[in-house]
Amino acid sequence: MNIIIRARRSGISASLQLSRWHVIVAACAFCLILPALALYLGMRMGEARPESSEALPSHWEQELGRSRDEVERLSQKAREDLDGLAVRLAQLQAQSIRLNALGQRLVAVAKLDKGEFDFSLPPGQGGPEAGVEFTSPIEPPDFIRSLDQLAVDLDVREQRLRALEAYFMNRDLEQTVMPVGRPVRSGWVSSYFGVRTDPFTGRNEMHHGLDLAGKEGSDILAVAAGIVTWSGQRYGYGNMVEISHGNGYITRYGHNKENLVKAGDVVEKGQVIALLGTSGRSTGPHLHFEVLKNGRGVDPSKYLRAAN
Numbered sequence: 005m006n007i008i009i010r011a012r013r014s015g016i017s018a019s020l021q022l023s024r025w026h027v028i029v030a031a032c033a034f035c036l037i038l039p040a041l042a043l044y045l046g047m048r049m050g051e052a053r054p055e056s057s058e059a060l061p062s063h064w065e066q067e068l069g070r071s072r073d074e075v076e077r078l079s080q081k082a083r084e085d086l087d088g089l090a091v092r093l094a095q096l097q098a099q100s101i102r103l104n105a106l107g108q109r110l111v112a113v114a115k116l117d118k119g120e121f122d123f124s125l126p127p128g129q130g131g132p133e134a135g136v137e138f139t140s141p142i143e144p145p146d147f148i149r150s151l152d153q154l155a156v157d158l159d160v161r162e163q164r165l166r167a168l169e170a171y172f173m174n175r176d177l178e179q180t181v182m183p184v185g186r187p188v189r190s191g192w193v194s195s196y197f198g199v200r201t202d203p204f205t206g207r208n209e210m211h212h213g214l215d216l217a218g219k220e221g222s223d224i225l226a227v228a229a230g231i232v233t234w235s236g237q238r239y240g241y242g243n244m245v246e247i248s249h250g251n252g253y254i255t256r257y258g259h260n261k262e263n264l265v266k267a268g269d270v271v272e273k274g275q276v277i278a279l280l281g282t283s284g285r286s287t288g289p290h291l292h293f294e295v296l297k298n299g300r301g302v303d304p305s306k307y308l309r310a311a312n
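Here it is as structure tokens:
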């Protein structure tokens, strides 16, 4: 086979002499190279396509993983907030119960009207309904903070109520141990505190107590709570009872017919401690009543008058 190649511009021509075998070899090579080239290009395209097709699902998987982690984190935080809320509510309920019990004790101690201060019922409150424009929902974090603030307010109120309870109890204790009142139910003052004419010598002598004449055998009452520090015979007093009330106060009850308490006994205000008599240095049935403050005798009359 003779192939002639001619150039247009230069007009030069060339001829290529191909034998039969050359043509057969070229045809075979063409037939082999073309499928091989097609196969190679197909493989390259196949390798490139999975990379592009797998890149998008991998990106989605990463995003989904991050979303799952965020959802789990939020769920865990919500569970922790609910657990904390449950604990806080339990604490507030317990504190409310303590405050109710404390309030009921205060009502009893202060002798208030239970109908006016009923701690088992909510306090009376009211007013016109607020407009919608003034209301706004409380977000969860603000709700938790509101509970914390409520707990602080309850603590402050509990402290104040306990201080008030201590005040009432101390007030009642002072009223109990303060020597106030009459040591006899009936009778009259036969001799006052101060300088007087002694009924036995006729000379002016200091009388350190108050004499209350009455019926022999009548009751003698403790004017305050305390501890008996003396019960028995004492020079000039006859049968005498001495009671220590604390805060420097001591009372003495002399000329008794009979003592009904003994040293070491704890007595209450108004308790019968002896019977009126005329034992010792006495001209007739009466009670010699003394009040001592820090070891010094004081006029008992003001303590009797304080009870009126």
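Going by the numbering used here, the sequence shown wraps up at 312, each residue one higher than the last. Backbone N, C-alpha and C fix where the C-beta goes; we use that ideal spot for every residue, glycine too.
Item to complete: Leaving out five residues on either side along the sequence, give the residues of the same chain with a beta carbon under 8 Å from the beta carbon of Ile-277.
Response: Ile-224, Leu-225, Ala-226, Val-232, Val-245, Ile-247, Tyr-257, Asn-263, Leu-264, Val-265 and Val-271
Item to complete: Take Tyr-241 and list the residues in its own chain whose beta-carbon comes closer than 6 Å to its own, dropping the five residues that flank it on each side.
Response: Gly-258 and Gly-284
Item to complete: On the DSSP bridge assignment, give the partners of Ala-217 in chain order.
Response: Trp-192 and His-290
Practice prompt. Indicate whether Glu-218 and Gly-191 have their beta-carbon atoms separated by less than 8 Å.
Written response: One detail in the question is off: residue 218 reads as Gly in this sequence, not Glu. Result yes, Cβ atoms of Gly-218 and Gly-191 sit closer than 8 Å.
Discussion item. Let's test the definition: count the other Cβ atoms within 10 Å of the Cβ of Asn-208 and tell me whether it reaches 16, buried, or not, exposed.
Written reply: exposed
Worksheet item: What are the start and end residues of the beta strand (DSSP E) that includes Asp-223?
Response: 223-225
Worksheet entry | Outcome for Leu-93 when other beta-carbon atoms lying within 10 angstroms are tallied against a minimum of 16 | exposed
Worksheet item: Among all the DSSP beta bridges, which residues are the ones paired with Asn-251?
Response: BP columns for Asn-251 are empty, so no partner.
Worksheet item: Taking just the CA atoms, how far does His-211 sit from Ser-235?
Response: 22 Å
Item to complete: Just the C-alpha distance for Ala-82 and Glu-74, rounded to the nearest angstrom, thanks.
Response: 12 Å
Item to complete: Could you check the C-alpha separation between Asp-202 and Gln-275 for me, to the nearest Å?
Response: 31 Å
Practice prompt. Please work out which residues of its chain come closer than 6 Å, Cβ to Cβ, to His-292, disregarding the five sequence neighbours upstream and downstream, and give them in chain order.
Written response: Gly-213, Asp-215, Gly-258 and His-259
Discussion item. Here's the rule I'm using: 16 or more other beta-carbon atoms within 10 Å means buried, otherwise exposed. How should Asn-298 be labelled?
Written reply: exposed
Practice prompt. Name the two residues that bound the continuous beta strand (DSSP E) containing Leu-264.
Written response: Taken as a continuous stretch (DSSP letters only), Leu-264 belongs to no beta strand (DSSP E), as it is neither H nor E.
Practice prompt. Helix, strand or coil for Gln-297, going by three-state DSSP, please let me know.
Written response: Reading the sequence as shown, one finds Lys at residue 297 and not Gln. Looking at Lys-297 - three-state DSSP - the assignment turns out to be strand.
Worksheet entry | Spatial neighbours of Glu-67 in its chain, beta-carbon cut-off 7 Å, leaving aside the 5 residues before and after | none
Fill in: Proximity below 8 Å, CB of Gly-221 to CB of Leu-280
yes
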